[in-house]
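Trainee: Protein chains in written order, with our numbering: chain Z, 1 to 347; chain G, 1001 to 1347; chain V, 2001 to 2347; chain F, 3001 to 3347. Just so you know, even glycine gets a beta-carbon here, dropped at the ideal spot from N, CA and C.
1) If you run the structure through DSSP and keep just helix, strand and coil, what is residue 176/Z?
2) Hey, is the region 1232-1251 of chain G in contact with the region 1201-1209 of chain G, meaning 3+ C-beta pairs nearer than 8 Å?
3) State the Cα-Cα distance for the pair residue 199/Z and residue 184/Z, rounded to the nearest angstrom.
4) List the residues of chain F whose Cβ lies closer than 7 Å to the Cβ of residue 1183/G, in chain order.
5) Taking Cβ to Cβ, would you say residue 299/Z is nearer than 9 Å to residue 313/Z?
6) Measuring CA to CA, which of 302/Z, 7/Z, 271/Z and 305/Z is closest to residue 296/Z?
7) Run down chain V in chain order and give the residues with a C-beta less than 9 Å from the C-beta of residue 3238/F.
8) Relative to the C-alpha of residue 305/Z, which residue among 40/Z, 251/Z and 7/Z is closest?
9) Distance, Cα to Cα, residue 2264/V vs residue 3336/F?
10) Going along the chain, which residues of its own chain have a beta-carbon closer than 7 Å to the beta-carbon of residue 2342/V, five neighbours each way excluded?
11) Pick helix, strand or coil for residue 255/Z, following the three-state DSSP scheme.
12) If the criterion is Cβ atoms closer than 9 Å, does the pair residue 3013/F and residue 3039/F meet it?
13) Go through the region 90-160 of chain Z residue by residue and report every complete run of the beta strand (DSSP E) that reaches 3 residues or more, in order.
14) By the three-class DSSP mapping on this structure, what secondary structure does residue 1199/G have?
15) Anything in chain G within Cβ reach of residue 3190/F, meaning under 9 Å, just list it in chain order.
16) Look up residue 2051/V in the DSSP assignment and say whether it is helix, strand or coil.
17) To the nearest angstrom, report how far apart residue 3156/F and residue 3166/F are at their CA atoms.
18) Tell me, please, whether the CB atom of residue 112/Z is closer than 9 Å to any CB atom in chain G?
19) For residue 2274/V, collect the residues of the same chain with a Cβ closer than 7 Å to its Cβ; drop the 5 residues on either side in sequence, then sort them by chain order.
20) Quick one: is residue 2001/V buried, meaning 16 or more other Cβ sit within 10 Å of its Cβ, or exposed?
21) Around the Cβ of residue 2036/V, are there at least 16 other Cβ atoms within 10 angstroms (buried) or fewer (exposed)?
22) For the beta strand (DSSP E) containing residue 386/Z, name the first residue and the last one.
23) Taking Cβ positions, are residue 201/Z and residue 1195/G nearer each other than 9 Å?
24) Which residues in chain V sit within 7 Å of residue 1345/G, going by Cβ to Cβ distance?
25) What residue from 1107/G, 1216/G, 1262/G and 1010/G has the CA that sits closest to residue 1045/G's CA?
26) Buried or exposed: residue 2225/V, going by 16 or more other Cβ atoms within 10 Å of its Cβ?
27) Would you mind sorting residue 326/Z into buried or exposed? The rule is 16 or more other CB atoms within 10 Å of its CB.
28) For residue 3163/F, which residues does DSSP report across the bridge?
29) Kindly list, in the order they appear in chain F, the residues whose Cβ is closer than 8 Å to that of residue 15/Z.
30) Considering only C-alpha positions, which residue in the set 2149/V, 2169/V and 2042/V is nearest to residue 1942/V?
31) Given a threshold of 16 other Cβ atoms within 10 Å of its Cβ, counted over all protein chains shown, does residue 1153/G qualify as buried or as exposed?
32) Quick check: the region 92-103 of chain Z against the region 60-79 of chain Z, are there 3 or more CB pairs under 8 Å?
33) So, for residue 2211/V: in the same chain, excluding its five sequence neighbours on each side, which residues have a beta-carbon less than 7 Å away from its beta-carbon?
34) Check the Cβ-Cβ distances between residue 1001/G and every residue of chain Z, and say whether any is below 9 Å.
35) Output needed for residue 241/Z: all residues of its chain with C-beta closer than 7 Å, excluding positions within five of it in sequence on either side, in chain order.
36) For residue 3239/F, I'd like the list of residues in its chain whose CB is within less than 6 Å of its CB, leaving aside the five on either flank, ordered along the chain.
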């Protein structure tokens, strides 16, 4: 791999595309050579995102116009469902990090059930790595195509997986009450995401039917070696960025909440982006804003035999574009935090 | 009782005091004759709350200055802990609705444990009614002193109590994940409630230690006839008004989520302020803003044997001043919704 | 006019339509008999606005389905441009308050210039009253059709007109820097009004080209008897409701800022909805939220010969639906504040 | 100057202190060796700002405890009024960038008038440079002590000074209507800055009496060579970061708004942080969030002989800590944008 890698971003006109650009322009070994946005083809990036002006970025083009011979890495930030065929058609020398949901479910039947149509690249699916970096680093290292995890699944799996792997919490009784900012819904114009509809309020949505449920259950299933079904209840709240997962678990046997904390501290020691807070300290989404960090908190519950976990991330960074770059770094053998060193923006 | 009742509001310079004024000035049978605010004594209400000008309100005075002979009803919106002695010292002809927590816990030991000092009016406590109106209406009707419920306990008990009374959900495994606006913290200047500290973020607080836990457990205990311990986890989020309680329950025997819904619909039929939404419909806090409504939603869970309940209120209205007026109406034999007919303010 | 008037609301599925409903259901002499929303015809109001459930409202229908024989008053909250023909076609016994901009510009040439097409009901226009109630009350009283003012024009004209009428400020050098909440843009789904695009920021829009400019200039021209051109610069900011107009004026001759204040106090004495604050007191939009009040503040400027005026309203109430009901009250000889007595909602 | 400079930050527990840390930890030639916070002495930075954990920062100490022998540059982020004596007492080898207002007014009489007491370091004042970098770069380069400009003065002077220097706009008739986020008020607990008091509203404050007025007038006076008095009207609005200055000016002679634009484009060509947008394009504060950029927009007014200017910055970056680092870079001969290359955070 040469000093600098050439990067294409497919779907640059959405929030995750813009976030990739924001982070990659400061990555010392990345060079953005192609940006695509079918409906905005021919326009400069700053016509769509004025905060990304003056950066010498290439003009946006259609996917068909990309010259893949000069591309080393492709970030695919296309809408869910449109991605399978695009990625299946890319030349083999291009490494891919896919931010859509298209390759996240490894069971074609689960995919068909949740997305309403058969998967269109089941062969490719077999070689994909699931890019929850701290958990699946070795697979990511070896993969050509990485399925970047969803935002909710990232904030929910990181606290849970080490505990399930070690048999410290029960897999049968997990409740995940998650709160998300609005950027997770993307930039498309919908009445339900208008300022006037979102500000000064909160409500659950996708109750017992959100497509991130099977992704979470798949990851927890891998950790336990058996099928897992969880309660996952997302809520929409008035903030742009941030996800907080409040996770209610039952302890196994004599395990204590302090044991959970110790296990997580040990598991994530040395990880650059996962910070297990002191026992009984509450994570706040504002303290990860704009950064690739995941904060984890562990509390004793008043109900005997129970404990409470919290996971906080910026949904656009660790929940999307930041983790995608982290995965690229792993795939290319770069230092894992390269280009991701910026601190959170607070206040 | 004469045509019009004369009302004193103790602690008029806080948010619940202001909300009492906002609502009572439109109550056809209420006349505000005294407003107290020890540190603002001598000032007009609009010096503290400019939105309440031009209403012909009495100037604020100290509690000692109130002439109780002309007062029929006293709303006490003083800080927790200062209230017991004040109320114990009021003349017997004055009916009292206390918005503080001072008379909410009926077990003196529980009070001492959670508030760090012995209760100072244990005799009076015995005659107090707990003013969760829809549940304890008959006791409220007969009481001279009503302990108005806390905001979280209101949003949490209304969905749960009918189900526990009928044995439809298990009392041992209740998880209440609650989200509150900032007005619940009052108007006192604290760094943690600054705009810059709250906007664009969410975090849990008082985890497993919030003083509304024993109040909720007391109410659920009354409903089941045995001690109940619940997980209650409050979160602070960027909105002024509103509480959403997301409640995760286990079903008893063959009970279904639809059964829960049917039981709640039946229990609250005819109630002017509790609206059980169609099965599978999510309440939103913005749709109760400024009103005395409590919206309840019921959902099937993907996890077998589980269901999800939601309760949404405006914490300053149904969670405080509105319910206080509702209780006054019950105590005085007025129509229960008198002065509380305004619709929610949206957007 | 009988005890109760029957009311039709055209365009009930927008924010101003919903606000009309919120206010009219508490108006003691109004009964809503028809609600129209072409694309939502057949649905109940609460399918569109869940906060307006349980009110016994009529199902929404198309305009063509309305039986006008039973309608006394029609509020027209249709999009700009579609209204002229609808109103021109209504039976003569129906009084009309039009909340669109279609009849606000009395000069057909000005209309054509700003709206890009010839006015389609120029005859009807001649008999319309411009419903800035405090200024044009007598004309409103006599009119069958009232053009309800725009939100910006209301907040801008009320402080200025008395001063221009009396020749206290110069008409040639008026600068209006206005800040609006997002509900002014309506409920249609636009990228620019998404929560993520609006929160935590501010920007000007429609600079020197906003269609409320000619409406303001028309009103100020009437007050001075000559043509007036003003600087009007609107800004979009992250709040749902509220407009603040900051108005920079030059004093005539020896006039002082205190003189302006005295003139406004005198002019608006006895007005139920216009409150001139003490000299040097700043209005805040949050202190009018949900109410029909207009707060006016007057300040001395450090620059000699200059003064500063502020006008604050809730754009959906005094800037739209509240003023519309105020105009209906005037047209029907009801007390002007009937149904509009509720206090602002703060916090 | 050695490869790395050692830096002390006085007043690290405020927002500008935290922002200095956020930026300096990524500055390749800066090393933070001392952080002071008198009331938090002995605590780690992350006890005060959890988002700044894991950075190996020194524990906070009192000012008296700092060992100045190892310090090259001191950023002083102390409250206004306390700073003069502290800076006067620092050893001469320490270069200073002062973020307070203490050295911004170069006329001792103006200082005494606006701050209510005599300046305590008038000798030192004479050698201070006013650090509006783009305008006073040469003086900054030569100075030991730089007075870092206020946030409002930065956003207001950058659009105006080139135009006044060239005589394109009149100095007698400048109106600056400015809108600020809440972080400008700092982190101290005040009722007026509570979330509940700020959200969903806007209001003017400090009208004709804000202490940034004389600082703006001083800068404009330097540009014109005569005394200037301006209208400066700040507003507080619900966002954490950002200032927008909307500036209304009169053109000199035949000058057009397009001429103003051309002059600004020319003046700021090559500046890394000042971006003059295309004529008639509106700056938005959200497009500078977290960055050191200043966006400038120029519009034609409908009123003949007038034009409109807009300046947008992040008040904590270009309006405080970012410009302070920019000034340090100039003082030390570093590339001016070193450590300030991050792009804005949007959404």
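Mentor: Quick look at the numbers:
1) In the three-state reduction of the DSSP assignment, residue 176/Z falls in the strand class, which pools E and B.
2) A contact exists between the region 1232-1251 of chain G and the region 1201-1209 of chain G.
3) 15 Å
4) 3196
5) It is not a contact, given that the beta carbons lie outside the stated cut-off.
6) 271/Z
7) 2199, 2200, 2237, 2238 and 2239
8) 251/Z
9) 53 Å
10) 2290 and 2291
11) coil
12) yes
13) Runs of the beta strand (DSSP E) lying entirely within the region 90-160 of chain Z, each at least 3 residues long, are 95-98 and 145-147 in chain order.
14) Residue 1199/G carries a coil assignment under DSSP once its states are collapsed to helix, strand and coil.
15) Those within 9 Å of residue 3190/F in chain G are 1189 and 1194.
16) helix
17) 17 Å
18) no
19) 2134, 2158, 2268, 2294 and 2296
20) Unreliable placement is indicated for residue 2001/V, whose pLDDT of 46 sits below 50; the coordinate value is still reported in the next sentence. Exposed.
21) buried
22) Lying before the first or after the last residue shown, residue 386/Z is absent from chain Z, which here runs from 1 to 347.
23) For residue 201/Z and residue 1195/G, no; Cβs fall outside 9 Å.
24) 2290 and 2345
25) 1010/G
26) In this structure residue 2225/V is exposed. Its beta-carbon is surrounded by fewer than 16 other beta-carbon atoms within 10 angstroms.
27) buried
28) For residue 3163/F, which the question treats as bridged, DSSP gives no partner whatsoever.
29) Going along chain F in sequence order, the residues near residue 15/Z (Cβ under 8 Å) are 3347.
30) Residue 1942/V lies beyond the range of chain V shown here (2001 to 2347); nothing can be said about it.
31) Looking at its Cβ environment, which holds 16 or more other Cβ atoms inside 10 Å, residue 1153/G is buried.
32) yes
33) Within the same chain, residue 2211/V has close Cβ partners 2101 and 2114.
34) Unreliable placement is indicated for residue 1001/G, whose pLDDT of 47 sits below 50; no coordinate value is reported for it.
35) Result list for residue 241/Z: 181, 183, 289, 314, 315 and 316, in chain order.
36) 3181
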